[in-house]
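Chains as they are written, first to last, in numbering that gives the first Met the number 0: chain A, 0 to 301; chain B, 0 to 301; chain C, 0 to 278; chain D, 0 to 278.
The beta carbon of each residue, even a glycine, is placed where N, CA and C say it ideally should be.
The next block holds one structure in the form of structure tokens; read it before the comments.
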Amino acid sequence: MKHISLDINIAGIKMKNPVIAASGTFGYGLEYSQLIDINFFGAIVTKTITLEPRIGNPQPRIVEVASGMLNSIGLQNPGAKVFIEEKLPKLKGYGVPIIANISGSKEAEFVKLADLLKDMGLSGLELNISCPNVEHAGLFAQDADTTYKLVRKVRKVTSLPLIVKLTPNVTDITLIARASEDAGADAISLINTLIGMSIDIQTKMPKLANVIGGLSGPAVKPVALRMVYEVSKKVRIPVIGMGGIMTSEDSIEFLLAGASAVAIGTANFVNPNTCCEIIEGIKTYMKANSFNKISDITGKLK
Amino acid sequence: MKHISLDINIAGIKMKNPVIAASGTFGYGLEYSQLIDINFFGAIVTKTITLEPRIGNPQPRIVEVASGMLNSIGLQNPGAKVFIEEKLPKLKGYGVPIIANISGSKEAEFVKLADLLKDMGLSGLELNISCPNVEHAGLFAQDADTTYKLVRKVRKVTSLPLIVKLTPNVTDITLIARASEDAGADAISLINTLIGMSIDIQTKMPKLANVIGGLSGPAVKPVALRMVYEVSKKVRIPVIGMGGIMTSEDSIEFLLAGASAVAIGTANFVNPNTCCEIIEGIKTYMKANSFNKISDITGKLK
Amino acid sequence: MKIFNVKKEIIENKKVSADCYKMTFESKEIACRVKPGQFLHIKCSDTYDPLLRRPISIHSIKNNVIGILYKVVGRGTGLLSKKTSGDPIDVIGPLGNGFDYQLLANCQLPILVGGGIGIAPLYFLAQRLTEQCSNITVLIGASNKCNILCIDEFKKLDCKVKVSTDDGSDGINGTVVDLLKKELVPENSKLKTQNLKLKIFTCGPVPMLRQVHQLVSKYNVSSQVSLERQMACGIGACMGCTIKTQNHPESLRDKTQNYKQVCKDGPVFDIKEIVWEDI
Amino acid sequence: MKIFNVKKEIIENKKVSADCYKMTFESKEIACRVKPGQFLHIKCSDTYDPLLRRPISIHSIKNNVIGILYKVVGRGTGLLSKKTSGDPIDVIGPLGNGFDYQLLANCQLPILVGGGIGIAPLYFLAQRLTEQCSNITVLIGASNKCNILCIDEFKKLDCKVKVSTDDGSDGINGTVVDLLKKELVPENSKLKTQNLKLKIFTCGPVPMLRQVHQLVSKYNVSSQVSLERQMACGIGACMGCTIKTQNHPESLRDKTQNYKQVCKDGPVFDIKEIVWEDI
Ligand SMILES: Cc1cc2nc3c(=O)[nH]c(=O)nc-3n(C[C@H](O)[C@H](O)[C@H](O)COP(=O)(O)OP(=O)(O)OC[C@H]3O[C@@H](n4cnc5c(N)ncnc54)[C@H](O)[C@@H]3O)c2cc1C
Ligand SMILES: Cc1cc2nc3c(=O)[nH]c(=O)nc-3n(C[C@H](O)[C@H](O)[C@H](O)COP(=O)(O)OP(=O)(O)OC[C@H]3O[C@@H](n4cnc5c(N)ncnc54)[C@H](O)[C@@H]3O)c2cc1C
Ligand SMILES: Cc1cc2nc3c(=O)[nH]c(=O)nc-3n(C[C@H](O)[C@H](O)[C@H](O)COP(=O)(O)O)c2cc1C
Ligand SMILES: Cc1cc2nc3c(=O)[nH]c(=O)nc-3n(C[C@H](O)[C@H](O)[C@H](O)COP(=O)(O)O)c2cc1C
Ligand code: FES
Ligand code: FES
């Protein structure tokens, strides 16, 4: 019997398996370490960091909907300084590649932050140009030109592996993915949340103080899977698939559709052991199907 | 106590309540008449009719997903001639406004069909420019200009109330809604299905023969509700809200968000009595909240 | 035809094999109208997950008590199997067309051919056929001894029961199609001299049905088959369950006529009507 | 601190009032570490609907048996209430910080103030307080007589129990805040002469807690409050459950320091810490 290996190398980031903790759902990795062994993960993407601390949106920020949840956290985070001085040193103690997810409301903020983070021992940068929970006219990732320009500028200041995270709230996501690739991205992450809303008919008020929020969880999986399928056919760089993944079966669907790795978000809240179970499940599937490495699965949809 | 009335008048279509059977989920109205009294409905929108008969997509066409379903029916229908000669005469026997939903792969087909149907005793026309299950480069309703031109041409040949049905698979749905309004639409229907996909990891094939399909059911409700909210703030014509409505509470959310009426699709499959229950539920809510007419609820989100 | 959405209490829901259950509940509305081969559309959950109903054939009718026999294959049937006596159950029915089982006096011999859980609708058919004749043959195919369903029930109806198992643990070692072959080949000449005609009713997995089709085509035996399709509405409204059938005379005018709805025009079809290459 | 995700069998799940249930299960891991005021994050369904866990306080600990007391208010708690002895239950805990209930020898008098289901975590607190003192006062507020919870349990612990009901059907006619007022006003002078200090622990609906806050601010009594927020992770990772607290010294450097996470930094807070206008 041949040796089965779950190792992957995404854009130069070496992971022992293709299962990543998605940004914003795993804090700075430390919270869950009281409960599970976070060394199991292929990589951990931090909660989005901005240059300055952000207090985020008013409460309520979370509402459950059918097979999913809406969140309007609004990128609450302690800012780059605290991240670098307090969070990162602890995170680096683990044997897991750490990918910092960064955002900003202006192009210049992304550039400055990428520059700040370039020699900090990070394994990669993920650009969150797709968070629906902050205010500006449209998301960066809703326009191909804007995306191209932003990624291009960030690319110039960092040699870290650069992952661009896209929003599903667009007419044609392949255009944005292509723009990212052309601008020098090393990988594409998708999807961020779908924009949604929920109303309390008794108070006649939106259930989220911010009115709209991001939909995640199993409800979005069919849309996420379709987008991974579309994008992976159009770009040469690897795609990290996410959106509603709860089980190893879900993960394998994303791999077959064209993803090189998967990220797990909302599922962590429901079952903190999801990622470990997924890793085991993928192994079992590989054995049963005589796959030796993850790239044997990626894009193998008939 | 004041009299509570559920009557509405949408774009000249008089309905006894704001609860409509959504296109494609209620056939030509006759199938469900063996099980429920279809006279209860505010209106019935027929399954999409095209000029020529269409055999639709290969099987499988349906797959269940978390809190929803994907369909790739592909507009199977017997064509305009059979519709006019066989279906419509029976439908007109009911005391319910009948709205014909029409589609085509070319602008000219819409125009011809609208022309054919203008004196047939229909209460209105719904233009399905948003069906994801037919092949052409992008949907009409994914581009504001294309939408404008198409609606404009159809508007010229018919004086029937004209409803334009939009797709949620766009970056900014308000632009498409505005284009429809500018072109002379009398109302906007939204949302059609979100494009999604599902994979059988054992066969490694898509679960739908057509690979992609349209997502409907509770899973899409947060997205639908957000779009109704956005669009109703930007157009003056009434909005018919749909997408995942299962209960009267869901319906009321759509009304509060800005819809003047609601349409029920997938829920019919789960509970054929949904529409009747919704009508009763809306009545109860109106009583409890001292609303006398539906327009008292529409857009009353705080 | 009138269709009902009834909400009843479960009388019994008991395990009858490794993965099959039999459930009963009372519904006069349905019981007094239903034909063998018709089915119910059953709500398996009160939540949105799973969302859609599940189609299950009518397995038996006794007075006003309806029986279904189902195999646990996924979440819907899994949830169904957890329900117990007294729990509510929400079903729509009777749906579909059912078998055409009127025999021509004594000159037709019915053979019921069930593969696996496909035996479910055939028992109700046998119940009704016994009102017309006493010469019913039932061929039951199963993977192994433990999975043979309904054998005693059919015997109680005085049916001639023959069994096949894939592993030979009971009956002949082979498939139910092998059993059918035996019925057709030797008997055929005998029957002909007696001026008797076989009439076959079958249900089971598609590969088996395809073989049955080949066999009966060869011998030109009248056969009806009950088919399955993923269903949403179950009532003919959504076009989710279509199946390609042989050219319809109307198909020049309306090519959609070549496609039938399994839920409304079926689930029972004349075996010759189906385009088997397309399934 | 170590947190566990345990899957156990339910020992008992019984109705204790019109809409409240008490469930017990055994978990040594949790029982031997948990502090009053901490909570569990409970999976109510095996399906995706409802999806998220539900936070429920620890109500009692006896040996290694954990008790929760919960009110059925929606789908999650509804599903929980349907489970029966022997069913599996999946909980994460212990979560949160818990009450700080170390009393200063004999000079502190604990008063437990529970409104409605808010009484749930206070019983476990009383269990632990009895190890330190015998002077516990418990004020229980309920809408009416039938909804009063745990009165006998507290009495068995030798607590002094006082009750209020909104409709006067038992105890005083009024709210639990009215009860508390009585404890504070007349006693206050008496206590002072004895050099005793009250220490208040409270949980209940926000309007009640707001009034408690006003009251205790006036008399400057040390008070801890257990708060609720919609939660996703329950562990400090998602930022879903933040609450605004009084200016933190660090807040110039990092203004997010003014926001605490109810799941991790709470659910118990010093009542003065909370910015009550912002809730
Ligand atoms: C007319 C008709 C009569 C039937 N009668 C019986 C019967 O008497 N006894 C019995 O055990 N089974 C019967 N079936 C099959 C039964 O409907 C499926 O086994 C059931 O729907 C599976 O649901 P699930 O949630 O348990 O499985 P899922 O988890 O949904 O899927 C498991 C498998 O079942 C298939 N399946 C899922 N939904 C359907 C559906 N709506 N229709 C057909 N296949 C589906 C899937 O493709 C998959 O292969 C009948 C089907 C039809 C169409
Ligand atoms: C730290 C903490 C401890 C708690 N302890 C107890 C307890 O011991 N006993 C008890 O009966 N209840 C307790 N609650 C409240 C309990 O979590 C909610 O009643 C429960 O989550 C409602 O779930 P549901 O699905 O039944 O209701 P839903 O149908 O989800 O909603 C009904 C109502 O409950 C609220 N709610 C829903 N989810 C949550 C959530 N995750 N957190 C808070 N509120 C929510 C909703 O806003 C809504 O008003 C506690 C809450 C917290 C935060
Ligand atoms: C509570 C919450 C917070 C999130 N915060 C972030 C964030 O800070 N940055 C980001 O790029 N994505 C964020 N996301 C999006 C997730 O990383 C992920 O893209 C999305 O939730 C879809 O995956 P899922 O369905 O597995 O959760 C957040 C998601 C949730 C549910
Ligand atoms: C099986 C199925 C078939 C549909 N066919 C059509 C159609 O022919 N024309 C159309 O405009 N919309 C069609 N739709 C979309 C619905 O009318 C509706 O816009 C959508 O399903 C969202 O509503 P729901 O979640 O209540 O189903 C179809 C939906 C389903 C589920
Ligand atoms: S299942 Fe809807 S038409 Fe057959
Ligand atoms: S619930 Fe996630 S941080 Fe508190």
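Per DSSP, cross-strand counterpart(s) of residue i
i      : result
C/T23  : C/E11, C/G66
C/D269 : C/Q223
C/R53  : C/I41
A/K301 : Partner(s): none; A/K301 has no beta bridge.
A/E63  : A/M68
D/K159 : D/T136
Option in the options with minimal Cα separation from residue i
i      : options                        : result
C/V71  : C/H40, C/L51, C/S16            : C/S16
B/N272 : B/S4, B/I3, B/S22, B/Y31       : B/Y31
D/G36  : D/L108, D/G203, D/I10          : D/G203
C/Q126 : C/A141, C/N146, C/F98, C/G140  : C/F98
A/G242 : A/I97, A/R235, A/K233, A/E252  : A/E252
D/C237 : A/T265, A/A140, A/I200         : A/T265
D/V90  : D/I242, D/G265, D/I41          : D/I41
C/S133 : C/K155, C/N12, C/T164, C/K82   : C/K155
B/A260 : B/I239, B/N127, B/S71, B/Q141  : B/I239
D/D18  : D/N146, D/E152, D/S44          : D/N146
B/Q33  : C/G92, C/Q107, C/G75           : C/G92
A/Y228 : A/L255, A/L149, A/N291, A/N100 : A/L255
C/D48  : A/P217, A/T170, A/I128         : A/P217
D/I116 : D/C158, D/K82, D/V205          : D/V205
Delimiting residues of the alpha helix (DSSP H) encompassing residue i
i      : result
A/G280 : 273 to 287
D/I150 : 150 to 155
C/K120 : Note on residue identity: the sequence assigns Pro, not Lys, to residue 120 of chain C. Start and end: 119 to 128.
D/S80  : 74 to 81
Terminal residues of the beta strand (DSSP E) in which residue i lies
i      : result
D/Y258 : 258 to 260
B/N267 : Counting along the chain, B/N267 falls outside any beta strand (DSSP E), though it belongs to the alpha helix (DSSP H) covering 266 to 269.
D/T136 : 136 to 141
B/M68  : 67 to 70
D/E276 : Here D/E276 belongs to no beta strand (DSSP E), and DSSP marks it neither H nor E.
B/I9   : 7 to 9
B/A20  : 18 to 20
C/I88  : 87 to 94
C/L111 : 107 to 114
Completely contained alpha helix (DSSP H) runs for the segment 175 to 254 of chain C, where each covers 4 or more residues: 175 to 192, 205 to 218
Closer than 8 Å, Cβ to any Cβ of chain A: which residues of the segment 62 to 76 of chain B, in chain order? V64, A65, S66, G67, L69
In chain order, each alpha helix (DSSP H) run of at least 4 residues that lies wholly inside the segment 77 to 143 of chain B: If we require 4 residues or more, the alpha helix (DSSP H) runs fully inside the segment 77 to 143 of chain B come out as 78 to 81, 87 to 90, 106 to 115.
Which runs of the alpha helix (DSSP H) spanning at least 4 residues fall entirely within the segment 135 to 204 of chain A, listed in chain order? 143 to 156, 172 to 181
Entirely within the segment 26 to 56 of chain A and at least 3 residues each: give me those beta strand (DSSP E) ranges in chain order. 42 to 44
Contact list for the segment 93 to 123 of chain D against chain A, Cβ threshold 8 Å: Cβ contacts with chain A come from no residue of the segment 93 to 123 of chain D.
Compile a chain-ordered list of the residues in the segment 221 to 246 of chain B whose CB is closer than 8 Å to at least one CB of chain A. P221, V222, L224, R225, Y228, G243
At a Cβ cut of 8 Å, what residues of the segment 45 to 62 of chain D count as close to chain C, listed as they run along the chain? T46, Y47, D48, P49
For the segment 230 to 246 of chain C, which residues have a CB atom closer than 8 Å to at least one CB atom of chain B, in sequence order? Taking 8 Å as the Cβ-Cβ cut-off against chain B, the residues of the segment 230 to 246 of chain C that qualify are M230, A231, C232, G233, I234, G235, A236, C237, M238, G239, C240, T241, I242.
Between the segment 75 to 92 of chain D and chain A, which residues of the former have a C-beta closer than 9 Å to a C-beta of the latter? G75, D89, I91
Mind listing which residues of the segment 175 to 201 of chain A have their C-beta closer than 8 Å to chain B's C-betas, in chain order? L193, I194, G195, M196, S197, I198, I200
Residues of the segment 28 to 45 of chain A with Cβ closer than 7 Å to any Cβ of chain D, in chain order: E30, Y31, Q33, L34
Chain D contacts made by the segment 269 to 284 of chain A, where a contact means CB separation under 7 Å: V269, P271, N272
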